[in-house]
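**Student:**
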Amino acid sequence: MSNSTLLEAKVLLLEHDPEQYQVLTDFCQSIGLIALPRSASDALATLGKHKDLGGVLLADNLPCDQGDALQLACAIHKLRPELPIFLRRSSGRVLNSAEELAVCQHWTTGDTDTLRAAIDHAIFSLSYPRSLVQGIAELTCSSLVAMFPNAQVVAESPYVVHDRIIHGEVSTLIPIESTWCRGYMMLQTEENALRQGLIQGFSYEGVGGDLNFRELNNMLGETTNLIWGAFKNRYIPPQELSKQQTQVPIVINHQHKYISFGSQDPQLCLRYQLSDPARPGMPPLVIVQRVIFNLHWSPEEFADFEAHAVKAGPTGELDLF
Numbered sequence: 000m001s002n003s004t005l006l007e008a009k010v011l012l013l014e015h016d017p018e019q020y021q022v023l024t025d026f027c028q029s030i031g032l033i034a035l036p037r038s039a040s041d042a043l044a045t046l047g048k049h050k051d052l053g054g055v056l057l058a059d060n061l062p063c064d065q066g067d068a069l070q071l072a073c074a075i076h077k078l079r080p081e082l083p084i085f086l087r088r089s090s091g092r093v094l095n096s097a098e099e100l101a102v103c104q105h106w107t108t109g110d111t112d113t114l115r116a117a118i119d120h121a122i123f124s125l126s127y128p129r130s131l132v133q134g135i136a137e138l139t140c141s142s143l144v145a146m147f148p149n150a151q152v153v154a155e156s157p158y159v160v161h162d163r164i165i166h167g168e169v170s171t172l173i174p175i176e177s178t179w180c181r182g183y184m185m186l187q188t189e190e191n192a193l194r195q196g197l198i199q200g201f202s203y204e205g206v207g208g209d210l211n212f213r214e215l216n217n218m219l220g221e222t223t224n225l226i227w228g229a230f231k232n233r234y235i236p237p238q239e240l241s242k243q244q245t246q247v248p249i250v251i252n253h254q255h256k257y258i259s260f261g262s263q264d265p266q267l268c269l270r271y272q273l274s275d276p277a278r279p280g281m282p283p284l285v286i287v288q289r290v291i292f293n294l295h296w297s298p299e300e301f302a303d304f305e306a307h308a309v310k311a312g313p314t315g316e317l318d319l320f
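For the sequence shown, numbering that gives the first Met the number 0 assigns the number 0 to the initial residue and increments by one for each residue that follows.
In structure tokens:
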């Protein structure tokens, strides 16, 4: 992963050998991967709980209650084909066509150099400059504070995701475009959590009570528009933008809570926790932000833009943990 980024990625770690488990745990920590260790029996259930993964590390001799590790790889690929699977090979068995399709990269025990190269290519294929990631987090936190002035807003550490599963029931989508990027920004949250936060008084006086889903939609929509305005002021130059008109279809499957922007590139993901300082025991409202540069992304053009941009004033405080 480039030193210009702050980003991490979550990976499902399916490894049973104690020595290899320690090797891979240390390996993940060294390159910015957050490992979620699981067994074969709860691997598929974990996919249902974690919708923001970057990939899967799987041992080909992992003990399974039914079938074997290669069948598990196929099952994972069927459920989440966008997740790259990195298979540790301990045998010379030839993979069949279905297994080859499911596995992004196989590597031999001990050859972590091959694994590192595969992860850099598949998970960390896009470089996000540190200043851009921090800038997006800052302007989003300022916008959330403006919309929810009575809540304590905290930004988690940013990371990249390959999953295309939507968090919660309420989502917004808005195009973003500059001389160095074209794509979309999404906000996602759970409807009941948003309603509960407003009942607790996170927003302005009078916003709460018996809110219907349309009013909740409008609240998240206004928040999205405020963030977009801040993004525009900071990152969109006054000169004419590119004349590019290339578009790709956006596919949404509501039953499976799945959205695709027609690109396999990783997406920038930031999570924000909104909590009530007077009620520390209450669950926080979590708002998930994804930035998808699916139409155009150039770190070099961003660096040139940043070098010539007029510096913006303070945007508010930001907590990262």
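For glycine and all other residues, C-beta sits at the position ideal for the given N, C-alpha and C.
Quick check: the Cα distance between arginine 270 and glutamine 187, rounded to an integer number of angstroms?
**Tutor:** Walking along the sequence shown from the start, residue 270 turns up at place 271. Walking along the sequence shown from the start, residue 187 turns up at place 188. Taking the straight line joining both Cα atoms gives about 9 Å.
**Student:** Contact between the stretch 248-267 and the stretch 284-304: three or more CB pairs below 8 Å?
**Tutor:** Taking 8 Å as the limit for Cβ pairs, the verdict is that the stretch 284-304 does touch the stretch 248-267.
**Student:** Work out the CA separation of isoleucine 30 and valine 160 for me, nearest whole Å.
**Tutor:** To locate residue 160, count along the sequence shown from 1; it is residue 161. To locate residue 30, count along the sequence shown from 1; it is residue 31. About 15 Å.
**Student:** Let me make sure I understand the geometry here. Which of Gly109, Thr113, Cys73 has the alpha-carbon closest to that of glutamate 98?
**Tutor:** Translated into positions along the sequence shown, residue 98 becomes position 99. Looking at the Cα atoms, Cys73 is the closest of the given residues.
**Student:** Ignore the nearest five residues each way along the sequence and tell me which others in glutamate 316's own chain have a CB closer than 8 Å to its CB.
**Tutor:** Within the sequence shown, residue 316 is the residue found at index 317, counting from 1. Confidence at glutamate 316 is low in this model, with a pLDDT of 45, below 50, so its placement is unreliable and no value can be given for it.
**Student:** Can you tell me the Cα-Cα spacing of cysteine 180 and phenylalanine 304, whole angstroms?
**Tutor:** The residue you call residue 180 lines up with position 181 of the sequence shown. The residue you call residue 304 lines up with position 305 of the sequence shown. Straight-line Cα distance between these residues: approximately 11 Å.
**Student:** Quick check on the DSSP output: the beta strand (DSSP E) that includes phenylalanine 292 runs from which residue to which?
**Tutor:** One-based indexing of the sequence shown puts residue 292 at position 293. Taken as a continuous stretch (DSSP letters only), the beta strand (DSSP E) holding phenylalanine 292 covers 284-296.
**Student:** For the beta strand (DSSP E) containing histidine 105, name the first residue and the last one.
**Tutor:** Numbered from its first residue, the sequence shown carries residue 105 at position 106. Counting along the chain, the beta strand (DSSP E) containing histidine 105 begins and ends at 104-107.
**Student:** Going by the DSSP bridge assignment, what does phenylalanine 85 pair with across the sheet?
**Tutor:** Translated into positions along the sequence shown, residue 85 becomes position 86. DSSP, once it has assigned bridges, lists Leu56, Gln104 as partnering phenylalanine 85.
**Student:** My parser needs the alpha helix (DSSP H) runs of 4 or more residues fully inside the stretch 163-241; what are they?
**Tutor:** Within the stretch 163-241, the complete alpha helix (DSSP H) runs of at least 4 residues are 190-198, 212-234.
**Student:** Mind the definition here: the stretch 15-30 touches the stretch 105-118 only if three or more C-beta pairs lie below 8 Å; say whether that holds.
**Tutor:** Flag = yes, the stretch 15-30 and the stretch 105-118 touch.
**Student:** Between glycine 312 and valine 144, what straight-line distance do the alpha-carbon atoms span, to the nearest angstrom?
**Tutor:** Against the sequence shown, residue 312 aligns to sequence position 313. Against the sequence shown, residue 144 aligns to sequence position 145. With a pLDDT of only 47 at glycine 312, under the threshold of 50, the placement of this residue in the model should not be trusted, and no figure is reported.
**Student:** Do histidine 105 and aspartate 67 have their C-beta atoms closer together than 9 Å?
**Tutor:** Counting from one through the sequence shown, the residue named residue 105 turns up at place 106. Counting from one through the sequence shown, the residue named residue 67 turns up at place 68. The answer is no: Cβ separation not under 9 Å.
**Student:** Taking isoleucine 33 as the reference, give the member of Leu12, Tyr203, Asn217 with the closest Cα.
**Tutor:** Here residue 33 refers to the residue found at position 34 when the sequence shown is read from its first residue. Nearest option by C-alpha distance: Leu12.
**Student:** For the putative contact between glutamine 288 and methionine 184, defined by C-beta atoms under 8 Å, what is the C-beta separation to the nearest angstrom?
**Tutor:** Along the sequence shown, one-based indexing puts residue 288 at 289. Along the sequence shown, one-based indexing puts residue 184 at 185. That belief holds up - the Cβ atoms of glutamine 288 and methionine 184 are roughly 7 Å apart, short of 8 Å.
**Student:** How about proline 174 and tyrosine 127: do their beta carbons lie closer than 9 Å?
**Tutor:** For the purposes of this step, residue 174 is identified with residue 175 of the sequence shown, where counting begins at 1. For the purposes of this step, residue 127 is identified with residue 128 of the sequence shown, where counting begins at 1. Their beta carbons are not under 9 Å apart, which means proline 174 does not touch tyrosine 127 by this criterion.
**Student:** Specify, as a first and last residue, the run of the alpha helix (DSSP H) that leucine 12 falls within.
**Tutor:** As a first step, residue 12 must be located in the sequence shown, where it is residue number 13. Here leucine 12 belongs to no alpha helix (DSSP H); instead the beta strand (DSSP E) covers 8-13.
**Student:** What would DSSP say about proline 17, mapped onto helix, strand or coil?
**Tutor:** Position 18 of the sequence shown, counted from the first residue, corresponds to residue 17. Residue state, collapsed to three classes: helix.
**Student:** Going by other Cβ atoms of all chains shown within 10 Å of its Cβ, with 16 needed for buried, is methionine 146 buried or exposed?
**Tutor:** Within the sequence shown, residue 146 is the residue found at index 147, counting from 1. By the 10 Å Cβ count, methionine 146 comes out buried.
**Student:** Grab me the residues of leucine 215's own chain with a C-beta within less than 7 Å of its C-beta, minus the 5 sequence neighbours each way, in chain order.
**Tutor:** On the sequence shown, residue 215 is found 216 positions in, with the first residue counted as 1. The answer, listed in chain order, is Val169, Glu190, Leu193, Arg194.
**Student:** Where does isoleucine 118 fall in DSSP's three states?
**Tutor:** On the sequence shown, position 119 is the one that residue 118 refers to. Helix, per DSSP.
**Student:** Hey, would you say phenylalanine 230 sits closer than 9 Å to leucine 138, going by beta carbons?
**Tutor:** Reading the sequence shown from its first residue, position 231 is the one you call residue 230. Reading the sequence shown from its first residue, position 139 is the one you call residue 138. Yes, Cβ-Cβ distance for phenylalanine 230 and leucine 138 is below 9 Å.
**Student:** Excluding the 5 residues flanking alanine 121 on each side, which residues of the same chain have their C-beta closer than 6 Å to its C-beta?
**Tutor:** Against the sequence shown, residue 121 aligns to sequence position 122. Contacts found: Pro83, Cys103.
**Student:** Classify arginine 129 as helix, strand or coil using the three-state DSSP reduction.
**Tutor:** Looking up residue 129 in the sequence shown gives position 130. If DSSP states are grouped into helix, strand and coil, arginine 129 belongs with the helices.
**Student:** Where does leucine 143 sit, in a helix, a strand or coil, going by DSSP?
**Tutor:** Indexing the sequence shown from 1 puts residue 143 at position 144. Here leucine 143 sits in helix by DSSP.
**Student:** Quick check on the DSSP output: the alpha helix (DSSP H) that includes leucine 43 runs from which residue to which?
**Tutor:** Taking the first residue of the sequence shown as 1, we reach residue 43 at position 44. First-last of the alpha helix (DSSP H) with leucine 43: 42-48.
**Student:** Going by DSSP in three states, leucine 61 sits in which element: helix, strand or coil?
**Tutor:** For the purposes of this step, residue 61 is taken as residue 62 along the sequence shown, with counting starting at 1. Residue state, collapsed to three classes: coil.
**Student:** What's the call for leucine 100, buried or exposed, on a 16-neighbour Cβ count within 10 Å?
**Tutor:** As a first step, residue 100 must be located in the sequence shown, where it is residue number 101. Counting Cβ neighbours within 10 Å, leucine 100 comes out exposed, since fewer than 16 surround it.
**Student:** What is the DSSP secondary structure of glutamine 254, reduced to helix, strand or coil?
**Tutor:** If you number the sequence shown from 1, residue 254 lands on position 255. If DSSP states are grouped into helix, strand and coil, glutamine 254 belongs with coil.
**Student:** When you compare each of Ala308, Ala302, Leu172 to proline 236 by their alpha carbons, which one comes out closest?
**Tutor:** On the sequence shown, position 237 is the one that residue 236 refers to. The shortest C-alpha separation from proline 236 is found at Ala308.
**Student:** Excluding the 5 residues preceding and the 5 following leucine 6 in the sequence, name in chain order all residues of the same chain whose CB lies nearer than 8 Å to its CB.
**Tutor:** In the sequence shown, counting from the first residue as 1, residue 6 sits at position 7. The residues are Met0, Gly31, Phe123, Tyr127, Val132, Pro157, Tyr158, Val159, Leu267.
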